[in-house]
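What follows is a short report on a single structure.
2 protein chains.
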Amino acid sequence: MSRGWFPPPASYPGEPGGPVPRPAACPGSARPGPVPYRGPPLSCGGRAPPDAPAPPRTPGPCASPPRGRTLPWNAGYAEIINAEKSEFNEDQAACGKLCIRRCEFGPEEDQEWLTLCSEEFLTGHYWALFDGHGGPAAAILAANTLHSCLRRQLEAIGEGMVATQPPMHLSGRCVCPSDPQFVEEKGIRTEDLVIGALESAFQECDEVIGRELEAAGQVGGCTALVAVSLKGKLYVANAGDSRAILVRRDEVRPLSSEFTPESERQRIQQLAFVYPELLADEFTRLEFPRRLKGDDLGQKVLFRDHYMSGWSYKCVEKSDLKYPLIHGQGRQARLLGTLAVSRGLGDHQLRVLDTNIQLKPFLLSVPQVTVLDLDQLELQEEDVVVMATDGLWDVLSNEQVARLVQSFLPGNREDPHRFSELAQMLIHSTQGKDGSPTGEGQVSYDDVSVFVIPLYSQGQGSSGH
Amino acid sequence: MSRGWFPPPASYPGEPGGPVPRPAACPGSARPGPVPYRGPPLSCGGRAPPDAPAPPRTPGPCASPPRGRTLPWNAGYAEIINAEKSEFNEDQAACGKLCIRRCEFGPEEDQEWLTLCSEEFLTGHYWALFDGHGGPAAAILAANTLHSCLRRQLEAIGEGMVATQPPMHLSGRCVCPSDPQFVEEKGIRTEDLVIGALESAFQECDEVIGRELEAAGQVGGCTALVAVSLKGKLYVANAGDSRAILVRRDEVRPLSSEFTPESERQRIQQLAFVYPELLADEFTRLEFPRRLKGDDLGQKVLFRDHYMSGWSYKCVEKSDLKYPLIHGQGRQARLLGTLAVSRGLGDHQLRVLDTNIQLKPFLLSVPQVTVLDLDQLELQEEDVVVMATDGLWDVLSNEQVARLVQSFLPGNREDPHRFSELAQMLIHSTQGKDGSPTGEGQVSYDDVSVFVIPLYSQGQGSSGH
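Protein chains in written order, with UniProt numbering: chain G, 1 to 465; chain C, 1 to 465.
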């Protein structure tokens with residue numbers, strides 16, 4: 001396991017202690033070339049030189065890192081390039097060790113400055129999947145950048161993370177004697193700082209992607225699913241429709257939930273209610289079971305507005321005949337007829353076809369974070385986290401994946417590559433081939449990427465450093 | 001059990017088929033007198049004549065309906081007037097039979113009109129608790145009005161409620177042959193119509209209260225917790241900090257969750273982010289563990305903004321020293337320093353003391369609705385729903401209430417008044433008296449009202465009518 005699994009360090013103006021900012025990110029600098037395409041980062045073991053032409057898209061065999069390269073915690077990884085929808089693999093992945101250095105604050109009168117000592121004082125691990133759309137550029141940038149944003153955010157709160165309870169003041173000086181009592185009454189825990197750091201890192205990364213794509217004249221967006229181990233806890237942060245689940249001998253537990261136009265309907269409709277100009281008179285914010293037609297005018301039809309969980313009837317007016325803000329159901333649901341996810345990174349330039357209507361105000365970059373306390377789990381040897389892009393979950397349920405895990409691992413305890421093989425087997429199960437372990441022949445036409453992260457031994461006793 | 005438990009029917013302009021609108025609600029009509037105070041509606045069995053002076057507030061004994069008056073499903077009810085905070089009992093209750101008549105639509109060209117047949121075609125039952133603040137007026141109006149709003153909303157969707165699946169068009173005519181398929185794909189069920197009707201009824205009632213209080217020159221607001229039985233299901237709709245739980249032999253299940261400035265922090269902060277003018281430069285939307293002081297300026301302190309579940313640090317600026325939009329924790333948490341709840345009815349005139357800052361934009365009248373499928377519960381004789389205002393839950397946990405229920409009911413099977421006695425015992429348990437069944441001496445200083453609704457037999461076989 002090495003830092004080498006990360007793409008070369010990404011940096012941008014303002015990152016303390018980072019390398020010199022890339023000219024690409026400097027406002028007013030010469031327009032750089034486009035974000036170079038990167039093949040499957042983990043399986044190819046490198047990225048194409050910036051000037052190399054993009055490799056042709058070959059719906060290829062399942063790919064995994066070479067056997068000599070060990071991922072953090074001996075995790076397994078596999079991917080397959082599937083779809084005809086784009087020339088490139090739009091899935092990207094990253095993983096590695098997260099080395100957090102200690103912050104030291106300047107003198108009291110100069111609180112805004114902090115310096116980073118060279119020594120690490122906390123070590124974590126990081127696994128991430130990014131599912132791109134509109135090209136792979138955003139996913140590549142996210143794979144290059146998000147871990148740096150996160151490290152910086154964690155370093156900025158380092159002092160708070162090692163205390164039993166986060167101090168009210170980061171400098172540790174107690175301005176008010178009852179500060180600890182207030183923090184305790186609010187129930188603020190160390191893990192809330194890590195959650196806050198993940199939330200901030202996603203937003204920062206989103207801003208970087210927006211700047212870099214604009215500077216490069218490129219477009220695109222991606223979902224982001226990240227698992228971070230830190231001080232005996234596993235944090236799963238999700239923005240988009242990838243999914244992570246915990247699989248144990250007798251348990252399957254979702255560690256994330258999907259953010260789609262359907263699952264975030266009320267938030268999205270509410271925004272359109274507050275800022276109707278975002279719809280430019282082209283869309284209706286109301287939801288109907290199907291798109292309405294002239295024949296429906298004056299009829300009483302089922303509808304839902306932003307404040308409703310239930311359904312009601314309304315008399316159809318002319319404005320209801322517009323295209324719905326959210327239309328379709330299940331995998332077909334689309335935001336503004338355009339996008340199947342409602343959270344993610346990038347898409348700053350994305351507009352509805354042939355209009356000036358922007359998607360971004362409706363998209364959130366903030367992830368939802370779930371915390372798994374590994375020290376309290378009484379981990380067993382076959383306990384794993386499975387993280388995968390939507391291509392897997394479109395054809396396999398949580399329970400089907402769990403059964404595959406539970407039937408594969410116990411018989412392969414001696415195989416040091418069993419988690420990698422399990423990841424490959426999960427990929428094969430999406431291809432509907434004869435002999436696929438589920439025997440149900442489901443086929444995924446999307447790119448699919450899978451991490452299998454074993455929790456036993458690595459997860460235990462890691463609470464110190 | 002009779003309709004008599006409802007206050008006299010409330011009506012207002014626009015209610016189809018209802019009695020003549022009261023002059024009070026007509027814009028421009030003569031200003032009516034204030035909303036008359038109503039003593040405990042269920043225990044006193046009536047309301048004071050409009051001109052009678054408000055009865056003095058006597059922190060009195062626990063009160064229950066007289067034994068001759070049976071509540072729907074033989075439910076038990078008890079209440080106690082406790083607090084010194086106001087002259088009146090600010091809790092109000094209502095329950096009764098909900099008789100829903102059939103709607104008939106006019107000819108096609110006149111879809112907006114419908115007529116109500118005199119015959120009932122659906123019967124439900126209704127139990128409601130309203131916990132007032134700023135005086136009892138809003139709670140009294142809600143107890144007078146909400147069931148009428150709900151009946152009207154249910155009558156408007158009557159045809160959809162008796163179908164196996166709600167029709168896309170209320171008239172039942174299928175404009176598009178694939179309509180049923182779209183409704184099925186969206187997963188729209190009959191219960192979604194009832195949820196929609198409850199949501200609309202709360203909003204309609206809120207508007208009525210706003211109009212009537214303004215016309216009467218009165219102020220105030222109230223929380224609302226409603227249970228409705230209909231076609232074998234129990235719907236629990238909640239806006240505020242009352243609570244309903246299901247208690248069975250081996251199970252305690254919350255049927256509602258509380259809406260307070262703490263539980264709705266992100267929604268409230270988000271609104272202030274979108275409309276900063278709502279805070280009139282007097283408040284900060286950020287949350288801190290305590291109110292900041294001049295000494296904190298320039299320091300890095302813990303904070304949360306609208307998009308954050310976790311906590312982070314920020315450098316304190318002058319604007320952070322303003323009073324926080326949400327301040328305090330637990331029972332002490334207040335919205336704009338004023339209100340302990342974030343959903344409810346009324347409060348249209350409520351402003352922050354000595355300012356023009358309105359509370360209402362931050363308050364929602366929309367309830368959250370939980371559905372309990374009674375036919376699927378395999379009900380047993382001691383299964384009950386306990387509904388109570390916050391005065392009970394401030395001193396007793398769900399589990400403590402469940403233990404009291406589970407220890408009382410089995411020994412009192414022969415007593416026809418056992419549910420009423422149980423409601424009284426729960427009230428007594430909040431008074432910290434010697435011999436209180438919990439023996440832990442907690443004391444509630446708030447008004448407390450409790451319904452105990454037995455589910456067995458009444459709940460079963462009621463799916464037809």
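Just so you know, even glycine gets a beta-carbon here, dropped at the ideal spot from N, CA and C.
For residue i, the three-state DSSP class (helix, strand or coil)
| i | result |
| --- | --- |
| N356 (chain G) | coil |
| M387 (chain C) | strand |
| T70 (chain C) | coil |
| C205 (chain G) | helix |
| H417 (chain G) | coil |
| Y445 (chain G) | coil |
| Q380 (chain C) | coil |
| G76 (chain C) | strand |
| A163 (chain C) | coil |
| D192 (chain G) | helix |
| C95 (chain C) | strand |
| E90 (chain C) | coil |
| Q458 (chain C) | coil |
| I140 (chain C) | helix |
| V450 (chain G) | strand |
| L170 (chain G) | coil |
Length of the line joining the Cα atoms of residue i and residue j
| i | j | result |
| --- | --- | --- |
| P61 (chain C) | G391 (chain C) | 15 angstroms |
| P53 (chain C) | I140 (chain C) | For P53 (chain C), the predicted structure reports a pLDDT of 43, less than 50, and the residue's modelled location is therefore unreliable. A value from the coordinates is still provided. Looking at the two C-alpha atoms, the distance is approximately 16 angstroms. |
| V352 (chain G) | P276 (chain G) | 16 angstroms |
| S365 (chain C) | L359 (chain G) | 30 angstroms |
| R47 (chain G) | Q406 (chain G) | A caution first: R47 (chain G) carries a pLDDT of 36, below 50, which makes its placement in the model too unreliable to give a value. |
| A75 (chain C) | I268 (chain G) | 41 angstroms |
| L213 (chain C) | Q203 (chain C) | 15 angstroms |
| V450 (chain G) | R249 (chain G) | 20 angstroms |
| T370 (chain C) | L225 (chain C) | 11 angstroms |
| E262 (chain G) | G160 (chain C) | 24 angstroms |
| C205 (chain G) | E155 (chain G) | 16 angstroms |
| residue 485 (chain C) | L292 (chain C) | The requested residue 485 (chain C) does not occur in the structure, where chain C is confined to residues 1 to 465. |
| G135 (chain G) | L278 (chain G) | 25 angstroms |
| E185 (chain C) | Q376 (chain C) | 24 angstroms |
| G210 (chain C) | C222 (chain C) | 12 angstroms |
| I357 (chain G) | A142 (chain C) | 43 angstroms |
| G96 (chain C) | L71 (chain C) | 7 angstroms |
| residue 466 (chain G) | D295 (chain C) | No answer is possible for residue 466 (chain G): the residues shown for chain G start at 1 and end at 465. |
| G124 (chain C) | R343 (chain C) | 25 angstroms |
| A25 (chain C) | L122 (chain C) | Bear in mind that a pLDDT of 29 at A25 (chain C), under 50, signals an unreliable position, so the model cannot answer this. |
Beta-carbon gap between residue i and residue j smaller than 9 angstroms
| i | j | result |
| --- | --- | --- |
| P454 (chain C) | D383 (chain C) | yes |
| G132 (chain C) | G220 (chain C) | yes |
| E381 (chain G) | L409 (chain G) | yes |
| S229 (chain G) | Q266 (chain G) | no |
| Q92 (chain C) | A237 (chain C) | no |
| S64 (chain C) | A423 (chain C) | yes |
| M168 (chain G) | L302 (chain C) | yes |
| R67 (chain C) | S420 (chain C) | yes |
| I157 (chain C) | L146 (chain C) | no |
| R304 (chain G) | E282 (chain G) | no |
| Q442 (chain C) | I80 (chain C) | no |
| V448 (chain C) | V385 (chain C) | no |
| residue 516 (chain G) | E90 (chain G) | The question about residue 516 (chain G) has no answer, for chain G in this structure spans 1 to 465. |
Beta-carbon neighbours of residue i, restricted to chain C and to distances below 7 angstroms
| i | result |
| --- | --- |
| S457 (chain G) | Under the 7 angstroms cutoff, chain C gives no residues; its nearest Cβ is about 28 angstroms from S457 (chain G). |
| I195 (chain G) | S309, G310 |
Within chain C, the residues that residue i reaches when beta carbons sit closer than 9 angstroms
| i | result |
| --- | --- |
| Y77 (chain G) | The premise fails here: Y77 (chain G) is roughly 28 angstroms from chain C at the closest Cβ pair, so nothing lies under 9 angstroms. |
Contact set between residue i and chain G, taken where Cβ atoms lie within less than 7 angstroms
| i | result |
| --- | --- |
| D296 (chain C) | V175 |
Listed by chain order, chain G residues near residue i by CB distance under 8 angstroms
| i | result |
| --- | --- |
| F362 (chain C) | Those within 8 angstroms of F362 (chain C) in chain G number zero; the least Cβ separation is about 14 angstroms. |
Contacts that residue i makes with chain C (C-beta to C-beta distance below 8 angstroms)
| i | result |
| --- | --- |
| I188 (chain G) | P289, L302, W311 |
Interface residues of chain G facing residue i [CB-CB closer than 9 angstroms]
| i | result |
| --- | --- |
| S200 (chain C) | M308, G310, S312 |
Which parts of the segment 302 to 361 of chain G are runs of the beta strand (DSSP E), unbroken and 3 residues or longer, counting only runs that do not cross its ends?
312 to 315
Give the list of continuous beta strand (DSSP E) stretches no shorter than 3 residues that lie fully inside the segment 205 to 244 of chain G.
221 to 230, 233 to 239
Which parts of the segment 263 to 306 of chain C are runs of the alpha helix (DSSP H), unbroken and 4 residues or longer, counting only runs that do not cross its ends?
265 to 274
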